[in-house]
Amino acid sequence: MITAYLLWLYRSSTSHAPNWTKYLTCIISAMEKASHLSVIVDLSPTQWHLSAQTSNQYPLSIETFLSQLLAFLNAHIASKHENSLVVFGAFPGKSVLLYSSTELLSDDVPSLDANSYLPFKLVDSTVVQRIMNEFDAIGELDEEPSCALVGAVTKALCYINRITHPSSTTAGVAEDPSIVHDPRILILSVSPDLSSSYIPIMNAIFSAQKLKVTIDVCKVYGPDTVFLQQAAHLTNGSYIYLERRDALLQYLIMSFLSPTSIRKILAVPKQDKIDFRAACFCHKNIVDIGFVCSVCLSIFCQPLPVCST
Ligand SMILES: [Zn+2]
Ligand SMILES: [Zn+2]
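All residue numbers in the sequence shown are consecutive under UniProt numbering, ending with 309.
Next comes the structure, spelled out in structure tokens:
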């Protein structure tokens with residue numbers, strides 16, 4: 001891993017004089033700390049069906065997506081032994097914990113195999129098995145409810161709050177090595193914006209800012225989402241729209257594998273333009289020009305004499 005970082009740094013610094021001492025100090029201090037990654041996977045069956053259509057320029061099926069995602073998750077675990085990982089799935093109408101490196105149930109442990117590394121096998125089999133179970137439970141619905149993305153983000157924030165603020169009994173101990181330093185959330189989104197979730201998403205962003213959590217977004221399929229662009233911008237994360245969907249793993253590793261402390265010296269791609277539009281509180285439409293109540297800062301699409309909020 002260190003070799004890969006150094007090679008990357010060398011390539012990115014050949015154009016200007018490198019300050020190796022600074023780089024190395026920064027890398028070593030970042031490598032010493034455990035980092036936490038929460039991954040939120042948007043698992044809308046309709047959107048994934050559309051994504052796999054061969055009429056797309058780069059069709060991406062959920063099977064290919066999962067195999068590349070699992071390779072990325074394994075890379076995160078392999079970067080450092082103390083790294084923690086949690087995976088949430090946003091299914092239609094509900095969000096589910098798919099994997100957590102800190103809480104393993106006894107029935108999660110797969111059969112041992114001499115040719116596989118147990119931590120990798122544990123992640124791969126648990127995530128795939130739980131996604132399959134959820135998809136089987138969904139079955140044939142006439143109308144698919146929207147994906148519970150905000151629910152998954154909220155659960156991820158609660159999880160991070162728990163691991164970064166251990167119980168008061170351990171407070172006072174100088175430095176617990178299990179405390180994570182730069183927690184981050186990676187959202188892999190395929191669904192379009194849900195304008196009714198504007199307020200919950202903004203609340204989640206403010207909580208993330210308070211917890212110093214970085215939110216990264218990878219838009220795998222579908223149009224750009226305004227709210228997730230704002231989430232990444234406001235928490236100092238990256239929003240990446242996947243142009244070459246056949247290169248998903250490369251995007252994930254180049255942009256989202258490095259912990260936030262190391263990104264100061266790595267040129268991690270960020271979005272160059274951000275859509276700052278908001279949704280009105282009255283009709284939940286995304287508006288270009290809004291009218292803001294001077295008392296409670298509610299946003300409306302037309303001027304109102306008395307604030308309805
Ligand atoms: Zn309105
Ligand atoms: Zn008001």
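All C-beta atoms in this analysis are idealised placements derived from N, C-alpha and C, irrespective of residue type, glycine included.
{"Asked": "With a threshold of 7 Å, establish whether the CB of C280 neighbours any heavy atom of ligand 2.", "Found": "no"}
{"Asked": "In three-state DSSP terms, what is T235?", "Found": "coil"}
{"Asked": "May I ask you to report which of helix, strand or coil DSSP gives I240?", "Found": "strand"}
{"Asked": "Can the beta-carbon of L73 be found less than 8 Å from the beta-carbon of V39?", "Found": "yes"}
{"Asked": "Between which two residues does the beta strand (DSSP E) containing R184 stretch?", "Found": "R184 to S189"}
{"Asked": "Going along the chain, which residues of its own chain have a beta-carbon closer than 7 Å to the beta-carbon of L194, five neighbours each way excluded?", "Found": "S146"}
{"Asked": "What did DSSP end up calling A114 once you bin it into helix, strand or coil?", "Found": "coil"}
{"Asked": "What is the C-beta distance between C301 and V287, in whole angstroms, given that I count them as a contact (C-beta under 8 Å)?", "Found": "5 Å"}
{"Asked": "Please indicate yes or no: does the CB of C301 lie closer than 7 Å to some heavy atom of ligand 2?", "Found": "no"}
{"Asked": "Throw me the rounded Cβ distance for the I205 and I185 pair, which I believe falls under 8 Å.", "Found": "That belief does not hold up - the Cβ atoms of I205 and I185 are roughly 11 Å apart, past 8 Å."}
{"Asked": "Once you ignore the five residues that flank I77 on each side, which residues in its own chain have a CB closer than 8 Å to its CB?", "Found": "N83, L85, S101, P119, F120 and V123"}
{"Asked": "Which residues neighbour ligand 2 when neighbourhood means a C-beta less than 7 Å away from any of its non-hydrogen atoms? List them by chain order.", "Found": "C293, V295, C296, S298, C307 and T309"}
{"Asked": "Per DSSP, what kind of secondary structure is F91 in: helix, strand or coil?", "Found": "strand"}
{"Asked": "Using only alpha-carbon positions, find the residue among V128, S197 and T25 that is nearest to A71.", "Found": "V128"}
{"Asked": "Straight-line CA distance for Y221 to H49?", "Found": "11 Å"}
{"Asked": "Tell whether a beta-carbon distance below 8 Å holds between K33 and H181.", "Found": "yes"}
{"Asked": "Can you check the segment 208-294 for any beta strand (DSSP E) of at least 3 residues that lies completely inside it and give the ranges in chain order?", "Found": "214-219 and 239-241"}
{"Asked": "Apart from the five residues on each side of it in sequence, which residues of its chain come closer than 7 Å, Cβ to Cβ, to A75?", "Found": "I253 and L257"}
{"Asked": "Would you identify the three-state DSSP class for residue 357, choosing helix, strand or coil?", "Found": "Since the first residue of the chain shown is 1 and the last is 309, residue 357 is not available in this structure."}
{"Asked": "G151 to T21, Cα distance in whole Å?", "Found": "43 Å"}
{"Asked": "What three-state label does DSSP hand W48 in the structure shown?", "Found": "helix"}
{"Asked": "Which of helix, strand or coil does DSSP assign to I299?", "Found": "strand"}
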